[in-house]
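Visitor:
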Ligand code: 0X9
Ligand code: ZN
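Residue numbers (mature numbering (1 follows the signal peptide of the UniProt record, and there is no 0)): 95 to 401.
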């Protein structure tokens with residue numbers, strides 16, 4: 095088996111082993127929670143990082159909902175390490191983690207991720223069978239129960255944006271929704287990490303209508319984009335999802351928002367298309383550092399604005 099590295103892309107086995115190591119090495123700060131299993135029977139783990147009581151305010155963040163976006167799970171791993179090491183050497187991180195928990199799901203679409211390592215680097219969807227015996231998987235970011243299978247989604251099983259048999263028909267989406275619902279009182283923010291496009295997106299995606307707290311979401315995004323830019327001058331654009339990237343229905347961020355989570359974001363990390371999904375490992379460090387700055391900014395905002 096391979097050795098874990100923050101500067102490389104890690105396969106699922108290595109990430110899974112890393113998660114249990116983090117939880118046992120830093121048991122005062124990190125716990126590993128199993129939220130269910132994937133279609134192919136792999137465990138789905140969330141790392142809870144923080145010292146707030148389980149009922150205290152929390153931020154949920156997922157990575158790897160789309161299998162081929164490898165920088166996304168790499169970021170979740172980086173971010174966990176950043177929190178753990180920051181706790182003992184940085185006052186801001188310590189204060190954050192004293193008052194707030196992060197629920198971090200490093201690989202949401204585990205079956206798809208394994209498939210990108212073993213069979214098809216460009217795989218996106220889950221791996222469940224469909225009504226077409228030649229085509230597998232649904233787009234997990236089209237399978238949530240919000241305006242399901244409407245704009246920007248397809249009911250064709252062979253499509254890359256197939257919405258699935260029904261809302262939350264995919265066990266991976268269902269497990270995430272159930273976990274969020276069972277912690278709904280404490281979860282103040284939802285953040286979904288994707289690639290690529292260099293964007294900070296907020297609801298709505300299923301309609302061009304503006305969300306009630308658009309002004310606030312736009313201000314937060316602006317602040318986060320500016321923090322991100324300050325490190326390596328990477329330019330992000332931000333705005334309502336539907337008009338900034340394209341409309342989608344059944345997406346996790348709109349669903350979380352519909353459940354009352356006021357601060358809901360999707361980040362599309364580097365780059366803008368030069369390498370696309372095949373972002374070189376050389377860019378992991380800088381991408382993760384700048385993204386950390388953006389997420390910490392959002393977290394501080396959320397903590398100071400939640401009761
Ligand atoms: O199509 C998607 O799901 C996202 N782009 S990606 O290239 N990573 O697949 C965009 C999602 C935009 N929609 C929402 N934020 N809901
Ligand atoms: Zn994506």
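Just so you know, even glycine gets a beta-carbon here, dropped at the ideal spot from N, CA and C.
1) Excluding five sequence neighbours on each side, which residues of the same chain lie with their C-beta closer than 6 Å to the C-beta of residue 331?
2) State yes or no: is the beta carbon of residue 383 nearer than 8 Å to at least one beta carbon in chain B?
3) Could you name the residues of the same chain whose beta carbon sits closer than 8 Å to that of residue 353, not counting the 5 residues immediately before and after it, in chain order?
4) From residue 341 to residue 387, what does the alpha carbon distance come to, in whole angstroms?
5) Just the residues with CB closer than 7 Å to a heavy atom of the ligand ZN, in chain order, which are they?
6) Using beta-carbon positions only, say whether residue 355 and residue 173 come within less than 8 Å of one another.
7) Flag this pair as touching only if the region 242–250 and the region 187–204 have three or more C-beta atom pairs under 8 Å; answer yes or no.
8) Could you compute how far the alpha carbon of residue 155 sits from the alpha carbon of residue 253?
9) If you measure from the CB of residue 108, is any heavy atom of the ligand NAP nearer than 7 Å?
10) Thinking just about the alpha-carbon of each residue, which of 325, 306, 338 is nearest to the one in residue 299?
11) Report buried or exposed for residue 168, applying the criterion of at least 16 other Cβ atoms within 10 angstroms of its Cβ.
12) Just tell me which of 323, 261, 296 has its CA closest to the CA of residue 313.
13) Bridge partners for residue 286 per DSSP, in chain order?
14) With which residues is residue 294 paired in a DSSP beta bridge?
15) Less than 7 Å between the CB of residue 182 and some heavy atom of the ligand 0X9, yes or no?
16) Considering just the uninterrupted stretch of the alpha helix (DSSP H) at residue 186, what are its terminal residues?
17) Pairing CB atoms from the region 227–237 with CB atoms from the region 170–185, are three or more of them under 8 Å?
18) Return the CA-CA distance between residue 323 and residue 223, expressed in angstroms with no decimal places.
19) Going by the CB atoms, is the gap between residue 344 and residue 261 shorter than 8 Å?
20) Among 265, 225, 383, whose alpha-carbon lies nearest the alpha-carbon of residue 203?
21) Using 7 Å as the cut-off, classify the Cβ of residue 303 as near or not near the heavy atoms of the ligand 0X9, replying yes or no.
22) Determine, using beta-carbon pairs with one atom in the region 210–222 and one in the region 140–156, whether at least three such pairs fall under 8 Å.
23) Considering Cα atoms alone, identify which of 194, 114, 133 is closest to residue 149.
24) Grab the span of the beta strand (DSSP E) containing residue 129 for me, first residue to last.
25) What are the start and end residues of the alpha helix (DSSP H) that includes residue 113?
26) Could you give the DSSP three-state label for residue 238: helix, strand or coil?
27) Determine the direct distance from the alpha carbon of residue 284 to that of residue 319, and round the result to whole angstroms.
28) Please report the straight-line C-alpha distance between residue 376 and residue 107, rounded to a whole angstrom.
29) In angstroms, rounded to a whole number, what distance separates the CA positions of residue 147 and residue 166?
30) With DSSP as the reference, identify every bridge partner of residue 248, one or two as the case may be.
31) Contact check, residue 270 vs residue 346 under 8 Å by CB: the rounded distance?
Guide: The structure says:
1) Taking the chain shown and counting its residues from 1, the one referred to as residue 331 is at position 237. So the qualifying residues of the chain are 293.
2) Here chain B cannot be found, since the structure has a single protein chain.
3) Translated into positions along the chain shown, residue 353 becomes position 259. Cβ neighbours of residue 353 beyond the five flanking positions: 274, 275, 278.
4) The sequence position of residue 341 within the chain shown is 247, counting from 1. The sequence position of residue 387 within the chain shown is 293, counting from 1. Computed Cα separation, rounded: 27 Å.
5) 159, 160, 163, 235, 288, 289
6) Position 261 of the chain shown, counted from the start, is the residue given in the question as residue 355. Position 79 of the chain shown, counted from the start, is the residue given in the question as residue 173. Taking 8 Å as the Cβ cut-off, residue 355 and residue 173 do not qualify as a contacting pair.
7) no
8) By one-based count along the chain shown, residue 155 stands at place 61. By one-based count along the chain shown, residue 253 stands at place 159. Roughly 27 Å between the two C-alpha positions.
9) In the structure on display, the ligand NAP does not appear, and the ligands it does have are the ligand 0X9 and the ligand ZN.
10) Here residue 299 refers to the residue found at position 205 when the chain shown is read from its first residue. When each option's Cα is compared against that of residue 299, the closest is 338.
11) Taking the first residue of the chain shown as 1, we reach residue 168 at position 74. Result: buried.
12) Indexing the chain shown from 1 puts residue 313 at position 219. Answer by Cα proximity: 296.
13) To locate residue 286, count along the chain shown from 1; it is residue 192. Residue 286 is bridged to 156, 360.
14) Counting from one through the chain shown, the residue named residue 294 turns up at place 200. Paired residues: 332, 361.
15) As a working note, residue 182 is residue 88 in the chain shown. Outside the cutoff, so no.
16) Stepping through the chain shown from its first residue, residue 186 is reached at position 92. Its alpha helix (DSSP H) spans residues 185–193.
17) no
18) Residue mapping note: residue 323 aligns to position 229 of the chain shown, counting from 1. Residue mapping note: residue 223 aligns to position 129 of the chain shown, counting from 1. Answer to the nearest angstrom: the Cα atoms are 42 Å apart.
19) Stepping through the chain shown from its first residue, residue 261 is reached at position 167. Stepping through the chain shown from its first residue, residue 344 is reached at position 250. Result yes, Cβ atoms of residue 261 and residue 344 sit closer than 8 Å.
20) Taking the first residue of the chain shown as position 1, residue 203 is located at position 109. Of the candidates 265, 225, 383, the one whose C-alpha sits nearest the C-alpha of residue 203 is 265.
21) For this step, residue 303 is matched to residue 209 along the chain shown. For the ligand 0X9, not one heavy atom lies less than 7 Å from the Cβ of residue 303.
22) no
23) The residue you call residue 149 lines up with position 55 of the chain shown. Per the Cα distances, 194.
24) Within the chain shown, numbered from 1, the residue matching residue 129 stands at position 35. It spans 124–131 - the beta strand (DSSP E) in which residue 129 sits, taken as one unbroken run.
25) On the chain shown, residue 113 is found 19 positions in, with the first residue counted as 1. Start and end: 106–119.
26) Taking the chain shown and counting its residues from 1, one reaches residue 238 at position 144. Of the three classes helix, strand and coil, the one that applies to residue 238 here is coil, per DSSP.
27) If you number the chain shown from 1, residue 319 lands on position 225. If you number the chain shown from 1, residue 284 lands on position 190. When rounded, the distance between both Cα atoms is 17 Å.
28) For the purposes of this step, residue 376 is identified with residue 282 of the chain shown, where counting begins at 1. For the purposes of this step, residue 107 is identified with residue 13 of the chain shown, where counting begins at 1. Each residue's Cα considered, the two are about 22 Å apart.
29) Within the chain shown, residue 147 is the residue found at index 53, counting from 1. Within the chain shown, residue 166 is the residue found at index 72, counting from 1. So the alpha carbons of these two residues sit roughly 28 Å apart.
30) Along the chain shown, read from residue 1 onward, the residue named residue 248 stands at position 154. The partner list for residue 248 (beta bridge, DSSP) reads 256.
31) Here residue 270 corresponds to residue number 176 of the chain shown, with the count starting at 1. Here residue 346 corresponds to residue number 252 of the chain shown, with the count starting at 1. Indeed they touch by this definition, with Cβ atoms about 7 Å apart.
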